[in-house]
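K.L.:
I'd like to ask some things about the structure below.
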């Protein structure tokens with residue numbers, strides 16, 4: 102081992118459809134990591150986006166403010182590197198370039214927009230490194246604000262990765278008015294179930310061909 106090797110601090114910022122997360126870690130010369138901080142702020146970046154395909158100005162401002170706060174936190178902890186990625190709401194937005202430019206100007210962050218499959222791969226890596234799957238093959242389901250990732254794999258490798266356009270913010274935008282409250286009608290509930298079924302049928306057909314021992318959500 103290099104006697105001059107030093108540990109370094111890395112910040113990870115995940116800009117999701119519903120919330121923005123910060124993970125701040127110290128990486129030791131031997132590769133071991135220590136978590137310094139985990140933060141999450143709900144900003145509803147994708148609010149009303151799935152009606153016309155545009156991120157709303159107020160939502161972008163909320164997201165930029167939180168990203169600025171998280172970037173300052175990372176820098177105050179002497180982060181050597183800040184890795185920022187954006188997922189469903191940003192990758193589908195017709196005005197994503199405007200949003201990314203705003204983030205660059207306001208926070209100094211160069212944000213990478215990742216695909217749904219890459220998002221699923223990163224989720225798999227997080228689960229397989231963070232959980233003892235006990236030698237089992239697992240169906241992993243991550244429900245976000247704009248998309249849901251479906252993964253089948255074990256501790257060592259994955260057999261299936263997919264991302265479907267389902268999420269809490271997306272469905273709320275599609276099936277409910279902004280100010281709508283109260284119980285869901287049976288008719289609306291049935292429409293939602295039909296939409297979910299149609300959106301997942303191809304992926305579930307592939308998953309049905311694979312053997313798995315448990316489901317992790």
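Numbering (the numbering used here), first residue to last: 102 to 318. Every residue gets a Cβ at the ideal spot worked out from N, C-alpha and C, and that includes glycine.
Helix, strand or coil for residue 297? Go by DSSP, reduced to three states.
P.N.:
helix
K.L.:
Measure how close the beta-carbons of residue 308 and residue 253 come, nearest whole angstrom, since I'm counting them as under 8 Å.
P.N.:
6 Å
K.L.:
Can you name, in chain order, every residue of its own chain whose Cβ lies under 7 Å from the Cβ of residue 311, other than the five neighbours on each side?
P.N.:
253, 260 and 261
K.L.:
Taking the beta carbon of residue 303 as the centre, do at least 16 other beta carbons fall within 10 Å, making it buried, or is it exposed?
P.N.:
exposed
K.L.:
Could you check what DSSP says for residue 127 in three-state terms: helix, strand or coil?
P.N.:
strand
K.L.:
Below 8 Å, can you find three or more Cβ-Cβ pairs linking the segment 283-296 to the segment 232-246?
P.N.:
no
K.L.:
Check whether the Cβ atoms of residue 154 and residue 245 sit closer than 8 Å, and answer yes or no.
P.N.:
Their beta carbons are not under 8 Å apart, which means residue 154 does not touch residue 245 by this criterion.
K.L.:
Could you compute how far the alpha carbon of residue 299 sits from the alpha carbon of residue 305?
P.N.:
So the alpha carbons of these two residues sit roughly 10 Å apart.
K.L.:
Could you please give the first and the last residue of the uninterrupted beta strand (DSSP E) stretch that includes residue 310?
P.N.:
Looking at the DSSP string, residue 310 is not in any beta strand (DSSP E), and its letter there is neither H nor E.
K.L.:
Could you give the first and the last residue of the continuous beta strand (DSSP E) run that contains residue 286?
P.N.:
Careful: residue 286 lies outside any beta strand (DSSP E) and carries neither H nor E.
K.L.:
Determine the contact status of residue 147 and residue 211, defining contact as a CB-CB distance below 8 Å.
P.N.:
no
K.L.:
When you compare only the Cα positions, how much space is there between residue 178 and residue 110?
P.N.:
8 Å
K.L.:
Determine the closest residue to residue 316 out of 207, 181, 250 and 265, with distance taken between C-alpha atoms.
P.N.:
250
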